[in-house]
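A.B. asks: Please find one structure pasted underneath; my questions will follow.
See below:
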């Protein structure tokens, strides 16, 4: 598979997205990875190596992590970080969660940090995860939940009401569906045949010095700015909607620092 991002994109992702955003979710996941010997872990959508490399400290004798991602540019960063320090305990491979080439019942744990939302065929990816897990194997997935970036969505909704813009409201609702409730997310996992499904939640705050940073913060530009631009529209006229969102947030927070809400969900389930 060809790289989805450029080398420069991968560097931005590793330097800004991982520490500022994905690590908020990944820490929840890591806390639930079992600590025992000979644990075989598959990390799907591993990006630049977080949290796959951090899992190594939890593995006992004979344990290993196979980490996959469809983006070779991100994997190049992961491989450079791993170097030889991990020995044969971690292996990075270009592959998709929706087309695993492993045998049945190979892994004790399948993990995915913020990868669920990137799957074009989530039912197929979940089926594959179930297939490669041993009976009773553990599934750990993180996902951003309803309420994430609520401050921005609220401003978009205010503008759509003020303009009586039905098309804008429809775009807002469509993007908001990418952030399910914990109940909805659990139902999806249960529908894929997993049992003992739990969704643990935790709320974080993403600090910004001012609302204008929404347009310039490297992590936000990589993670969510494209979908906010899609809500606003793509031509120069509609770019004003995003500017109005920023102005309204600036006014609401007194043109000072602000924080954006991030609601992290961790799926814990058994095959």
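Residue numbers (my numbering): 1199 to 1469. C-beta atoms are modelled at their ideal positions from N, C-alpha and C, and glycine is treated no differently.
#1: Under three-state DSSP, which class holds residue 1297?
#2: Just how far apart, CA to CA, sit residue 1313 and residue 1236?
#3: Here's the rule: buried if 16 or more other CB atoms are within 10 angstroms of the residue's CB, otherwise exposed. What is residue 1414?
#4: By alpha-carbon positions, which one of 1468, 1469, 1462 ends up nearest to residue 1315?
#5: Taking just the CA atoms, how far does residue 1382 sit from residue 1389?
#6: Take every Cβ of the region 1368 to 1382, pair it with every Cβ of the region 1302 to 1311, and state whether three or more of those distances are shorter than 8 angstroms.
#7: Where residue 1439 and residue 1430 are concerned, what is the direct C-alpha to C-alpha distance, given to the nearest angstrom?
#8: To the nearest angstrom, how far is it from the Cα of residue 1265 to the Cα of residue 1241?
#9: Report buried or exposed for residue 1362, applying the criterion of at least 16 other Cβ atoms within 10 angstroms of its Cβ.
#10: Taking DSSP as the reference, what is the three-state secondary structure of residue 1457?
#11: Within the continuous alpha helix (DSSP H) that includes residue 1364, where are the two ends?
#12: Pull up the CB-CB distance for residue 1416 and residue 1210, whole angstroms please, since I reckon it's below 8 angstroms.
#13: Pick out the complete beta strand (DSSP E) segments inside the region 1307 to 1349, 3 residues or longer, and give them in chain order.
#14: Please tell me whether residue 1392 and residue 1337 are closer than 8 angstroms, where the distance is taken between their beta carbons.
#15: For residue 1335, collect the residues of the same chain with a Cβ closer than 8 angstroms to its Cβ; drop the 5 residues on either side in sequence, then sort them by chain order.
#16: Who are residue 1467's beta bridge partners in DSSP?
#17: Between the alpha carbons of residue 1377 and residue 1260, how many angstroms are there, rounded?
#18: Taking the straight line between their C-alpha atoms, what separation do you get for residue 1460 and residue 1324?
#19: Do you know offhand how far residue 1341's Cα is from residue 1222's?
#20: Please classify residue 1437 as buried or exposed, where buried requires at least 16 neighbouring CB atoms within 10 angstroms.
#21: Give every residue of the same chain whose Cβ lies closer than 7 angstroms to the Cβ of residue 1434, excluding the five residues on either side of it in the sequence, and list them in chain order.
#22: Are the beta-carbon atoms belonging to residue 1290 and residue 1276 less than 8 angstroms from one another?
#23: Contact check, residue 1408 vs residue 1352 under 8 angstroms by CB: the rounded distance?
#24: How many Å lie between residue 1262 and residue 1228 at the Cα?
#25: Straight-line CA distance for residue 1329 to residue 1251?
#26: When the Cα of residue 1224 is compared with those of 1288, 1269, 1400, which residue comes out closest?
#27: Rounded to the nearest angstrom, what separates residue 1297 and residue 1465 at their Cα positions?
#28: Could you tell me if residue 1246 is buried or exposed, where buried requires 16 or more neighbouring beta carbons within 10 angstroms of its beta carbon?
#29: Quick one: what does DSSP say residue 1266 is sitting in, helix, strand or coil?
C.D. replies: Taking the definition as stated:
#1: Translated into the one-based positions of the chain shown, residue 1297 becomes position 99. Per DSSP, reduced to three states, the secondary structure at residue 1297 is coil, with no helix or strand assignment.
#2: Within the chain shown, residue 1313 is the residue found at index 115, counting from 1. Within the chain shown, residue 1236 is the residue found at index 38, counting from 1. Here the C-alpha atom of residue 1313 lies approximately 25 angstroms from the C-alpha atom of residue 1236.
#3: Looking up residue 1414 in the chain shown gives position 216. So residue 1414 ends up on the exposed side.
#4: Against the chain shown, residue 1315 aligns to sequence position 117. Per the Cα distances, 1462.
#5: Sequence index remark: in the chain shown, residue 1389 carries index 191 (1-based). Sequence index remark: in the chain shown, residue 1382 carries index 184 (1-based). Using only the alpha carbons, I get a separation of about 10 angstroms.
#6: Result no; under three Cβ-Cβ pairs closer than 8 angstroms.
#7: Translated into the one-based positions of the chain shown, residue 1439 becomes position 241. Translated into the one-based positions of the chain shown, residue 1430 becomes position 232. Roughly 6 angstroms separates the two Cα atoms.
#8: Indexing the chain shown from 1 puts residue 1265 at position 67. Indexing the chain shown from 1 puts residue 1241 at position 43. The straight-line gap from Cα to Cα measures roughly 5 angstroms.
#9: The count along the chain shown starts at 1 and reaches residue 1362 at position 164. By the 16-neighbour rule on beta-carbons within 10 angstroms, residue 1362 is exposed.
#10: The residue given as residue 1457 occupies position 259 in the chain shown. Note: residue 1457 maps to strand in three-state DSSP.
#11: Here the question's residue 1364 lines up with position 166 in the chain shown. Bounds of the alpha helix (DSSP H) holding residue 1364 are 1364 to 1374.
#12: Counting from one through the chain shown, the residue named residue 1416 turns up at place 218. Counting from one through the chain shown, the residue named residue 1210 turns up at place 12. That belief holds up - the Cβ atoms of residue 1416 and residue 1210 are roughly 6 angstroms apart, short of 8 angstroms.
#13: Counting only runs of 3 or more, we get 1331 to 1342.
#14: For this step, residue 1392 is matched to residue 194 along the chain shown. For this step, residue 1337 is matched to residue 139 along the chain shown. Yes, the Cβ-Cβ distance between residue 1392 and residue 1337 is below 8 angstroms.
#15: The residue labelled residue 1335 in the question sits at position 137 within the chain shown. 1303, 1305, 1306, 1307, 1308, 1468, 1469.
#16: Sequence index remark: in the chain shown, residue 1467 carries index 269 (1-based). According to DSSP, which records beta bridges pairwise, residue 1467 is partnered with 1337.
#17: Sequence index remark: in the chain shown, residue 1377 carries index 179 (1-based). Sequence index remark: in the chain shown, residue 1260 carries index 62 (1-based). Taken atom to atom, the span from the alpha-carbon of residue 1377 to that of residue 1260 is near 38 angstroms.
#18: The residue labelled residue 1460 in the question sits at position 262 within the chain shown. The residue labelled residue 1324 in the question sits at position 126 within the chain shown. Taking C-alpha positions only, residue 1460 is separated from residue 1324 by approximately 24 angstroms.
#19: In the chain shown, the residue the question calls residue 1341 occupies position 143. In the chain shown, the residue the question calls residue 1222 occupies position 24. Looking at the two C-alpha atoms, the distance is approximately 11 angstroms.
#20: Start at 1 with the first residue of the chain shown, and residue 1437 comes out as number 239. With fewer than 16 other Cβ atoms within 10 Å, it is exposed.
#21: In the chain shown, the residue the question calls residue 1434 occupies position 236. Because the pLDDT of residue 1434 is 49, which lies under 50, any placement of that residue in the model is unreliable, and the number read from its coordinates should be weighed accordingly. Nothing listed; no residue qualifies.
#22: Numbered from its first residue, the chain shown carries residue 1290 at position 92. Numbered from its first residue, the chain shown carries residue 1276 at position 78. Taking 8 angstroms as the cut-off, the beta carbon of residue 1290 is found closer than this to the beta carbon of residue 1276.
#23: In the chain shown, counting from the first residue as 1, residue 1408 sits at position 210. In the chain shown, counting from the first residue as 1, residue 1352 sits at position 154. No, residue 1408 and residue 1352 are not in contact; Cβ-Cβ is about 18 angstroms, not under 8 angstroms.
#24: For the purposes of this step, residue 1262 is taken as residue 64 along the chain shown, with counting starting at 1. For the purposes of this step, residue 1228 is taken as residue 30 along the chain shown, with counting starting at 1. For the pair residue 1262 and residue 1228, the Cα-to-Cα distance works out to about 15 angstroms.
#25: As a working mapping, residue 1329 is identified with position 131 in the chain shown. As a working mapping, residue 1251 is identified with position 53 in the chain shown. Each residue's Cα considered, the two are about 24 angstroms apart.
#26: Mapped onto the chain shown, residue 1224 falls at position 26. Nearest C-alpha to residue 1224: 1400.
#27: Start at 1 with the first residue of the chain shown, and residue 1297 comes out as number 99. Start at 1 with the first residue of the chain shown, and residue 1465 comes out as number 267. Their backbone Cα atoms lie some 21 angstroms apart in a straight line.
#28: The residue given as residue 1246 occupies position 48 in the chain shown. So residue 1246 ends up on the buried side.
#29: Residue 1266 sits at position 68 when you count from the first residue of the chain shown. The answer is strand: DSSP assigns residue 1266 an E or B state.
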